[in-house]
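First comes the structure, then the notes that go with it.
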Amino acid sequence: MTGRGNFIHASTALHCPHGGPVVTASAAAAVRVDGQPVRTAGDVFAVRGCPHIARGRPDPCLTVRWSPPRDAVLIDGVPVLLDSTDGQCFGADLLPRGRPVARTGGQEVSCR
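Take our numbering: the last position of the sequence shown gets the number 373, and nothing is skipped along the way.
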């Protein structure tokens, strides 16, 4: 197992590349950091209020999908998300809009 980064948890500020806030719907988290549930690839991430405009029309980011590495740390068999985990924001047309931005509080984990 390899990887390095800060846990994404309920208090992590997530935004699309255009500044729209990302909200998370998740199942009850089995693991917490500073009392906050750790986010996993199994959670649902939605973008609210993305201001992106293309061809003169609103074309907002709507969802975030994550691609954790094969050897990621798991919670109940589901990969944990770190701020270094590959992610992509998508619009209604399912075309990629860019990487999500995570601002974490510094709970770093390192695996080798």
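Glycine included, each C-beta is placed from N, C-alpha and C at the ideal position.
Computed from a predicted model, the values in this text were never measured in an experiment.
Among the options, which residue has its Cα nearest to the Cα of residue i?
i: V284; options: R293, C311 and V294; result: C311
i: L335; options: H276, G281, V292 and S272; result: V292
i: P298; options: V305, A333 and A290; result: A290
i: S328; options: P319, D337 and T346; result: T346
i: R331; options: A302, C277 and P282; result: A302
With a Cβ-Cβ cutoff of 8 angstroms, do residue i and residue j count as a contact?
i: F268; j: V362; result: no
Rounding to the nearest angstrom, what Cα-Cα distance links residue i and residue j in this structure?
i: P278; j: D337; result: 30 angstroms
i: H270; j: A315; result: 32 angstroms
i: V294; j: R300; result: 10 angstroms
i: P321; j: R265; result: 30 angstroms
i: A356; j: R309; result: Checking the sequence, you will find Leu at residue 356 rather than Ala. Going from the Cα of L356 to the Cα of R309 covers about 17 angstroms.
Taking the DSSP output, what are the residues bridged to residue i?
i: H270; result: V299
i: D337; result: Looking at the DSSP assignment, D337 forms no beta bridge with any residue, so it has no partner.
i: L275; result: A363
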